[in-house]
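Read the structure below first, then the notes.
Residue numbers (this note's numbering): 11 to 221.
This is how it looks when you write it as structure tokens:
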């Protein structure tokens, strides 16, 4: 695999892009995959995250195959699911949804699952599922009111963003922090490296701030 092989991030998430940039990876193309993310009947949170990650990558591959300039690209896709038990929490789009999520998460442990998938022009698809356990402190009504007023919850799985104001609610985390943000970096880097993508190629040129 050529070091110059294009990389497509099949996501419109600024968080996932920023995480990749954090480890020196700059995708050549951003290609959000428009798929139905509705869980199937009886589908578990683990299965949903894995399935959607794969399907997003496959949908992006279909679009890539229609554009010659993107031919030969490797595709990275991901999907994050927040769950309490087997109950899958929504990507909150209304204050009511976000409030219901916060009430459910308050003082409890929940799990965050992210499926990460890489597919190649040769049709090889590899997918990894990452699980992180997160416990929220007990939230007061004022905590929830203030957080809802911030608007940070909008579009976030489980109705909160751990990398933002919502991080102040986290009492304990077991597992990958970047998984909760939206892309587990170790697993994503390993999947890309496993397909010959030069993850560390530009590290020598990165300007690292000095404390």
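Yeah, the Cβ is synthetic: ideal placement off N, Cα and C, and Gly gets one too.
A direct Cα-to-Cα measurement between residue 47 and residue 114 gives close to 22 Å. Distance from the CA of residue 18 to the CA of residue 40, rounded to the nearest whole angstrom, comes to 6 Å. By the criterion of a C-beta distance shorter than 6 Å, residue 90 is surrounded in its chain by 124, 167 and 192, once the five residues flanking it on both sides are discounted.
Counting other Cβ atoms within 10 Å of its Cβ, residue 159 stays below 16 and is therefore classed as exposed. Its chain contains 85 and 129 as the residues whose beta carbon lies nearer than 7 Å to that of residue 71, once the 5 sequence neighbours on both sides are disregarded; these appear in chain order.
By the Cβ rule, the stretch 142-149 counts as touching the stretch 172-179, because three or more pairs are nearer than 8 Å. Secondary structure of residue 140 (DSSP, three-state): strand. Inclusion of residue 197 and residue 138 in the CB contact set at 7 Å is warranted, their separation being smaller than that value.
As computed with DSSP, residue 54 is found in no beta bridge at all.
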